[in-house]
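In this note's numbering, the protein residues as written are 43 to 379.
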């Protein structure tokens, strides 16, 4: 009884004296300058417009089945008006499925002591976690504290927070322990098998977007995609935009541009260069404001590219293919005439 009385007295004293306890509950995530920059840039309307545009909209890919269960196709006769209505609904649903995961900088660690109460030392055999399970607050604002066996009261670190939140408010697809697929060599095997979408979807389900593990897994996936030149695997998925933003932020868009030019996506390549200039304004030159897509790309190759040879070759091949196509069309026109 005496130990309980001492514990309660210390707890009451702390709550009454520390007026900033609740006021500081929103400060679990310290916003450094790099974090503000990354998040602010990503949510800019012009950035979101570019990322949405270059992602593309392939309805067959968006609605492709991702399980082994086979279902019979359904066919129905509809009017032209009804067909257009169904197509618009499909597009709206597709855009919802293409909603991009948020981009955030890696969070700062939580290492804040709230109170030291040595008189409690010896009364606790294990550390005790206190979790606010109110339903009217977000998990980010949820107060979670830890009382150590030596009497120290501190804010829970990120690992402790996520564990307690998952216990009380479980999220589908997320487990208490980090799945082995995110560890080496399992992750490398999945990437070598080009299971990029599976890895990225799993990372979104398991980790918060500012978690170090989320950044580690997504960065490894993006870099593997770039090395293998497999950009088309993630095109027209919700992960293409964040990947393009990742490369633009690091001034490493050349391989992505080569892929776009090879697929005759000149407008997308031009928009990607514009994205680079938005997130890295110091790279923009006086001639970067050219309205012509080709001029924008050529200006980038001349002034900012790190792989000029590959881009120049891709652009030259594009021009040759375009010239061949125009010659063939001209020949067909003459033959018809």
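Built from N, CA and C at the ideal position, the CB exists for glycine as well.
| Item | Value |
| --- | --- |
| Length of the line joining the Cα atoms of residue 334 and residue 104 | 31 angstroms |
| Range covered by the alpha helix (DSSP H) that runs through residue 195 | Note, residue 195: premise wrong, no alpha helix (DSSP H); beta strand (DSSP E) at 194 to 197. |
| Presumed contact (8 angstroms Cβ cut-off) between residue 211 and residue 187, rounded CB distance | About 17 angstroms; that fails the 8 angstroms criterion. |
| Length of the line joining the Cα atoms of residue 336 and residue 360 | 11 angstroms |
| Member of 130, 283, 311 whose CA lies at the smallest distance from the CA of residue 338 | 311 |
| Cα-Cα separation, residue 325 to residue 214 | 42 angstroms |
| For residue 188, the first and last residue of its enclosing beta strand (DSSP E) | 186 to 189 |
| Proximity winner among 90, 373, 239, 120, relative to residue 273 (alpha-carbon distances) | 239 |
| Chain-order list of residues whose beta-carbon lies under 8 angstroms from that of residue 202 (same chain, five-residue window excluded) | 171, 186, 188 |
| Proximity test, Cβ basis, 8 angstroms: residue 186 and chain C | This model lacks chain C altogether; it includes just one protein chain. |
| Under the three-state DSSP convention, the category residue 220 falls into | coil |
| Of the listed residues 90, 264, 209, nearest to residue 229 (C-alpha basis) | 264 |
| Residue 365 burial status per 10 Å Cβ neighbour count (16 or more: buried) | exposed |
| Rounded straight-line distance, which links the Cα of residue 281 to that of residue 127 | 28 angstroms |
| Residue 353, DSSP secondary structure in three states | helix |
| Through-space distance from residue 368 to residue 355, alpha-carbon basis | 20 angstroms |
| DSSP three-state assignment for residue 365, whether helix, strand or coil | helix |
| Residue 204 classed as buried or exposed, judged by whether at least 16 other C-beta atoms fall within 10 angstroms | buried |
| Beta-carbon separation (whole angstroms), residue 346 vs residue 314, contact threshold 8 angstroms | That pair is no contact at about 12 angstroms. |
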